[in-house]
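Enquirer:
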Amino acid sequence: MIQTWNFGAGPAMLPPAVLKKIQNELLDWKQGISVMEFGHRTPEIEALFLTLESNLRSLLNIPNEFTVLFMHGGARAQFSALPLNLLAQGEHADYITTGHWSHQAALEAKKFSDIHIGLDISTVLDGTIPPCTDWALSPQAKYVHYTDNETIEGIEFLNTPNVPNLISDITSSILSKPIDWAKMGAVYASAQKNLGIAGMCVLIIRQDWLKPSKKPIPAILDFNLLAESKSLYNTPPVFACYVALLITEWVIAQGGIQAMQALCAQRAALLYDYIDNSDFYVNTIHPLSRSRINISFNINKNKSKILESELLALSTAKGFKQLKGHRVKGGFRASLYNAMPLEGVEALVKLLKQFEQQNR
Ligand SMILES: Cc1ncc(COP(=O)(O)O)c(C=O)c1O
8 MIQTWNFGAG PAMLPPAVLK KIQNELLDWK QGISVMEFGH RTPEIEALFL TLESNLRSLL
68 NIPNEFTVLF MHGGARAQFS ALPLNLLAQG EHADYITTGH WSHQAALEAK KFSDIHIGLD
128 ISTVLDGTIP PCTDWALSPQ AKYVHYTDNE TIEGIEFLNT PNVPNLISDI TSSILSKPID
188 WAKMGAVYAS AQKNLGIAGM CVLIIRQDWL KPSKKPIPAI LDFNLLAESK SLYNTPPVFA
248 CYVALLITEW VIAQGGIQAM QALCAQRAAL LYDYIDNSDF YVNTIHPLSR SRINISFNIN
308 KNKSKILESE LLALSTAKGF KQLKGHRVKG GFRASLYNAM PLEGVEALVK LLKQFEQQNR
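To get this note's numbering, take the position in the sequence shown, counting from 1, and add 7.
1. If I follow the unbroken beta strand (DSSP E) through Met191, where does it start and stop?
2. Is Asn345 near ligand 1 - that is, is its Cβ less than 7 angstroms away from at least one heavy atom of it?
3. To the nearest whole angstrom, what separates the beta carbons of Asn290 and Ser311, a pair I think is in contact under 8 angstroms?
4. Checking 8 angstroms against the spacing of the C-beta atoms, do Leu165 and Asn345 come in under that value?
5. Using only alpha-carbon positions, find the residue among Leu91, Asn301, Asp176 that is nearest to Ile224.
6. With 16 as the cutoff for other CB atoms within 10 Å, does Asp155 come out buried or exposed?
7. DSSP state of Asp286, grouped into three classes?
8. Could you say which of Asn309, Asn13, Leu26, Leu319 lies nearest to Leu252 if we only look at CA atoms?
9. Cβ-heavy atom distance between Ser179 and ligand 1 below 7 angstroms?
10. Return yes when the Cβ of Met347 is within less than 8 angstroms of the Cβ of Met20, no when it is not.
11. Got a sec: does ligand 1 put a non-hydrogen atom nearer than 7 angstroms to the Cβ of Gly17?
12. Give, in chain order, every unbroken run of the alpha helix (DSSP H) that is at least 4 residues long and sits entirely within the segment 217-254.
13. Counting only the same chain and skipping the five closest in sequence on each side, list residues whose C-beta sits under 7 angstroms from that of Ile259.
14. When the Cα of Arg64 is compared with those of Ser220, Ser296, Trp188, which residue comes out closest?
15. Can the beta-carbon of Gly134 be found less than 8 angstroms from the beta-carbon of His293?
16. Can you list, in chain order, the residues of its chain with a C-beta nearer than 8 angstroms to that of Met207? Leave out the 5 residues immediately preceding and following it.
17. First and last residue of the alpha helix (DSSP H) that includes Ala113?
18. Alpha carbon to alpha carbon, how far is Gly161 from Ile122?
19. Within 10 angstroms of its Cβ, does Asn305 collect 16 or more other Cβ (buried), or is it exposed?
20. Grab the span of the beta strand (DSSP E) containing Arg213 for me, first residue to last.
21. Please work out which residues of its chain come closer than 7 angstroms, Cβ to Cβ, to Glu51, disregarding the five sequence neighbours upstream and downstream, and give them in chain order.
22. Using 8 angstroms for Cβ pairs, my map puts His110 next to Lys149. What's the rounded Cβ distance?
23. Met191: buried (16+ other C-beta within 10 angstroms of its C-beta) or exposed?
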């Protein structure tokens with residue numbers, strides 16, 4: 008069997024050790040019962056949630072004044088839940104749109120509330136993010152929403168904007184770097200990239216924002232109800248939370264966020280250095296906002312479309328999976344989440360080099 012490397016943007020590669028553990032425990036997690044079969048109000052599942060929360064708290068250094076909620080509906084549910092919960096009649100929020108996902112978040116929020124666009128570079132695609140002193144922020148905004156890492160375009164905020172009351176969509180960067188809590192009102196991430204599998208979304212929110220909403224909002228999106236019930240308002244996505252627990256244990260065993268951050272930097276440098284030193288491949292994102300995680304690139308040649316489909320077929324056959332770029336950008340996208348070892352990126356660079364030599 009050939010070695011496969013999964014470069015998918017999400018659902019994404021899981022650490023093999025975690026998959027093995029799931030396999031070993033699948034039929035008998037505790038007391039001869041699968042984790043999928045446990046009642047969600049049993050002490051075992053309660054303990055699972057408490058341990059997951061406590062692991063996240065220690066990994067991400069979450070201050071006590073923040074509440075951790077495990078919710079349904081992915082990050083997209085938060086696109087609606089945030090304005091519904093946080094913006095009362097007459098209040099508004101600023102949205103910074105740097106790509107597809109932040110644009111989607113703003114579009115959804117607009118359905119329910121007054122939204123100001125503080126910066127829109129969502130269609131520019133070269134990722135030059137003007138400094139936040141140049142953003143059109145409104146002094147009365149309840150919060151400023153941004154997407155930390157644009158998974159499709161490969162644009163990342165390498166420094167947290169110096170703005171208070173931020174809400175950050177950290178779906179594709181959670182557990183890859185520390186969070187600057189002093190600037191945050193809330194962060195959220197669906198799990199299917201660095202935190203396991205689809206089905207669960209974690210919301211970490213400042214407690215002073217957990218006031219009962221004056222507007223009628225769907226109970227399932229109501230932060231207060233979720234907080235009061237300790238994320239057990241209805242049947243939670245237990246299996247996804249179980250996988251997230253195993254991921255947090257794995258990250259702790261690897262050395263925590265510092266180790267993940269260092270590996271992330273190494274992986275990205277390896278691929279970017281190669282692309283930058285080759286005139287065959289190109290990445291057009293500004294170096295100050297290039298994603299460390301989702302690296303998109305194209306072939307920089309006449310007939311590049313033909314060459315790109317040849318390379319895609321070759322790489323897939325050789326075990327490099329899900330490298331096709333998003334339809335918005337074309338070309339290739341290598342998603343380098345925490346589970347990807349350096350070895351996977353070394354193998355990819357070797358393949359890209361060989362293809363370049365053969366087609367120069
Ligand atoms: C940055 C970001 N935000 C939001 C989403 C949407 O997540 P979900 O499909 O879990 O709603 C994605 C999905 O890839 C994403 O990458």
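For every residue, glycine included, the Cβ atom is placed at its ideal position computed from N, Cα and C.
Expert: Taking the coordinates as given:
1. Here residue 191 corresponds to residue number 184 of the sequence shown, with the count starting at 1. Unbroken beta strand (DSSP E) run through Met191: 191-197.
2. Here residue 345 corresponds to residue number 338 of the sequence shown, with the count starting at 1. Checking every heavy atom of ligand 1 against the Cβ of Asn345, none is found closer than 7 angstroms.
3. Here residue 290 corresponds to residue number 283 of the sequence shown, with the count starting at 1. Here residue 311 corresponds to residue number 304 of the sequence shown, with the count starting at 1. Rounded, the Cβ-Cβ distance is 14 angstroms, inconsistent with contact.
4. Taking the first residue of the sequence shown as position 1, residue 165 is located at position 158. Taking the first residue of the sequence shown as position 1, residue 345 is located at position 338. In this structure, Asn345 does not lie closer than 8 angstroms to Leu165 by Cβ.
5. Stepping through the sequence shown from its first residue, residue 224 is reached at position 217. With distances taken between Cα atoms, Ile224 lies closest to Leu91.
6. If you number the sequence shown from 1, residue 155 lands on position 148. By the 10 Å Cβ count, Asp155 comes out buried.
7. Within the sequence shown, residue 286 is the residue found at index 279, counting from 1. DSSP places Asp286 in coil when its eight states are reduced to three.
8. Along the sequence shown, one-based indexing puts residue 252 at 245. The shortest C-alpha separation from Leu252 is found at Leu26.
9. For the purposes of this step, residue 179 is identified with residue 172 of the sequence shown, where counting begins at 1. Checking the Cβ of Ser179 against ligand 1 gives yes.
10. As a first step, residue 20 is located in the sequence shown; it is residue number 13 there, counting from the start. As a first step, residue 347 is located in the sequence shown; it is residue number 340 there, counting from the start. Yes.
11. Taking the first residue of the sequence shown as position 1, residue 17 is located at position 10. Gly17 Cβ: within cutoff of ligand 1.
12. 230-235
13. If you number the sequence shown from 1, residue 259 lands on position 252. Excluding positions up to five away in sequence, the list reads Asn62, Leu66.
14. The residue given as residue 64 occupies position 57 in the sequence shown. Nearest of Ser220, Ser296, Trp188 to Arg64, Cα basis: Trp188.
15. Here the question's residue 134 lines up with position 127 in the sequence shown. Here the question's residue 293 lines up with position 286 in the sequence shown. Taking 8 angstroms as the cut-off, the beta carbon of Gly134 is found closer than this to the beta carbon of His293.
16. Sequence index remark: in the sequence shown, residue 207 carries index 200 (1-based). Correct list, in chain order: Phe77, Met78, His79, Ser197, Ala198, Pro243, Pro244, Ala247, Cys248, Ala251.
17. Your numbering for residue 113 matches position 106 in the sequence shown. Per DSSP, the continuous alpha helix (DSSP H) segment holding Ala113 begins and ends at 107-117.
18. On the sequence shown, position 154 is the one that residue 161 refers to. On the sequence shown, position 115 is the one that residue 122 refers to. Distance from the CA atom of Gly161 to the CA atom of Ile122, rounded to whole angstroms, is 25 angstroms.
19. The residue you call residue 305 lines up with position 298 of the sequence shown. Buried, because 16 or more other Cβ atoms sit within 10 Å of the Cβ of Asn305.
20. Position 206 of the sequence shown, counted from the start, is the residue given in the question as residue 213. Per DSSP, Arg213 belongs to the beta strand (DSSP E) from 208-213.
21. Here residue 51 refers to the residue found at position 44 of the sequence shown. Once the five neighbours on either side are set aside, the close Cβ partners of Glu51 are Lys37, Phe45.
22. One-based indexing of the sequence shown puts residue 110 at position 103. One-based indexing of the sequence shown puts residue 149 at position 142. With 8 angstroms as the limit, His110 and Lys149 do not qualify as a contact, their Cβ atoms being about 20 angstroms apart.
23. In the sequence shown, the residue the question calls residue 191 occupies position 184. Flag for Met191 reads buried.
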